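Residue numbers (the working numbering): 23 to 129.
Report on the structure given below.
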Amino acid sequence: QDRPMSRSQFLQMKRARDQQEAYVAREQRDHQQQLFIDNYRQEKSMRIAKDQADVVMVSARLLQDSLHRLNDSNYQRFDREEEQRRVIDETRRLETERRLQERERTL
């Protein structure tokens with residue numbers, strides 16, 4: 023039973039071993055390709071998420087700037103209205119004073 027292998031048996035074993043090695047190599051290559059694809063997709067998703075976060079941050083800054091401008095314009099409007107009230111009050115006071123002086127002169 024320790025007979026030497028025949029040439030056909032040897033070739034059959036070699037073919038089986040070669041097929042097994044080719045199968046393992048294909049599986050490893052397919053696995054590496056899948057890892058590469060998964061890594062690429064993950065990086066792409068992270069880039070998209072970062073871009074979206076950047077858009078949100080820029081939008082928040084623009085909104086904040088708009089609110090500051092609105093606030094500033096409200097303060098300016100308030101200051102203008104306050105100044106108009108002061109001018110009106112001062113005008114009324116002067117007009118009242120003028121009338122009193124005229125009345126005093128006519129008396």
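Each residue gets a CB set at the ideal place from its N, CA and C atoms; glycine is no exception.
Nothing here was measured: the structure is a model prediction, and the numbers come from that model.
Residue i versus residue j: straight-line alpha-carbon distance, rounded
| i | j | result |
| --- | --- | --- |
| E117 | V78 | 57 Å |
| N93 | L85 | 12 Å |
| K72 | E65 | 10 Å |
| M35 | Q50 | 22 Å |
| F100 | R83 | 25 Å |
| T128 | R121 | 11 Å |
| H90 | E103 | 20 Å |
| E126 | Q98 | 42 Å |
| P26 | F32 | 10 Å |
| H53 | I59 | 10 Å |
| D87 | T113 | 38 Å |
| S81 | R63 | 27 Å |
| M68 | V46 | 33 Å |
key: Residue ranges of each beta strand (DSSP E) within the segment 28 to 77, 3 or longer   = Qualifying beta strand (DSSP E) stretches: none in this window.
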